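**Q** Each residue of the sequence shown is one higher than the one before, starting from 1 at the first, in our numbering.
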Amino acid sequence: MQRQTLSRRHLNRTGAPLMALLLTSTALVGFTSARAQELPTGGSVASGGVTIANPSSSQLTIRQSTSSAIVNWQSFSIGAGATVNIDQPSSSATMLNRVTGGTKSTISGQLNANGQVFLVNPNGIAISKTGKVSAAGFVGSSLGISDEDFEAGKLEFEGNGVSAAVSNQGAISIGRGGYAALIGGSVDNAGSITV
C-alpha cells in the first residue's frame, strides 16, 4: 500500500512555498494525450456550501461559501478553450474535488481558484501543454483521502500499490506563500510550477 502524508509543516503557507512530491514506484511516464471533455460532469456536494453553475458551454463556475467543502464528480476534465472558476471565501479555504467515475482527469483548459484546490482521481491526472492551473494551493493526486481526514486537516493520501500516473506539461501557478503537490504511482513534471 502506498501512503503519503502532507503535514501541516509541508503545507504551511509561510514555510516551504512550493512542494512537488515525486513518488516513483514505477518509471516516470510522460503525458499521453486523451480527448478531454469540455467541463466536469455529475457534481454532487458531499460536504460544505457549494453551488455549481454553467454560465456558458465552455465555462463552469463553482462558488464555495464555507471554509471547507467536498464535491464528488462523475468526471473532472477541462477541454482546451474551456474554463472552470472556483470562487472561495478566502485563500485559506479548501475544496476537495473527488472523481468517482472511471475516466482520467485531463486539464487542457484553465482551472482558476482563489483558495486551495484538491483534485483526487484514482484513474490519473494529466495537465496538457495547453492546461493552466492558477490557485492559492493545488494538490493533484491519484491516491485517495477520506472525507473525515480531509475535513480534519489530516492530509494523508493512500493508494493500493498500482496508483495511476499524475503528469504536468502545462503551467501551474500558485499564489504567494502557497503550495503545489503532485502525488501518484508515478509523477512527471515537464511543464512549469511557479510561485
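Yeah, the Cβ is synthetic: ideal placement off N, Cα and C, and Gly gets one too.
From a predicted model like this one, the values you see are computed outputs, not experimental measurements.
Measuring alpha carbon to alpha carbon, tell me which residue in 77, 93, 98 and 182 is nearest residue 46.
**A** Comparing Cα-Cα distances from residue 46 to each of 77, 93, 98 and 182, the minimum goes to 98.
**Q** CA-CA distance, residue 86 and residue 59?
**A** Residue 86 and residue 59: Cα-Cα distance of roughly 11 Å.
**Q** Kindly indicate which three-state DSSP category residue 150 falls into: helix, strand or coil?
**A** In the structure shown, residue 150 sits in a helix (DSSP, three-state: H, G or I).
**Q** Identify which residue in 193, 159, 185 and 162 has its Cα closest to the Cα of residue 174.
**A** Residue 174 has its Cα closest to that of 193, out of 193, 159, 185 and 162.
**Q** Have a look at residue 113 and residue 136 and give me their C-alpha separation to the nearest angstrom.
**A** Near 7 Å, if we compare the C-alpha coordinates of residue 136 and residue 113.
**Q** What are the boundary residues of the beta strand (DSSP E) that includes residue 118?
**A** Unbroken beta strand (DSSP E) run through residue 118: 116-120.
**Q** Whose CA, out of 126, 143, 155 and 43, lies closest to the CA of residue 172?
**A** Minimum Cα distance to residue 172 is reached at 126.
**Q** Against chain C, does residue 95 count as a neighbour if the rule is that its beta carbon must be under 7 Å from one of theirs?
**A** Note that chain C does not occur in the displayed structure, where there is just one protein chain.
**Q** Whole angstroms are fine: how far does the CA of residue 159 sit from the CA of residue 146?
**A** Near 12 Å, if we compare the C-alpha coordinates of residue 159 and residue 146.
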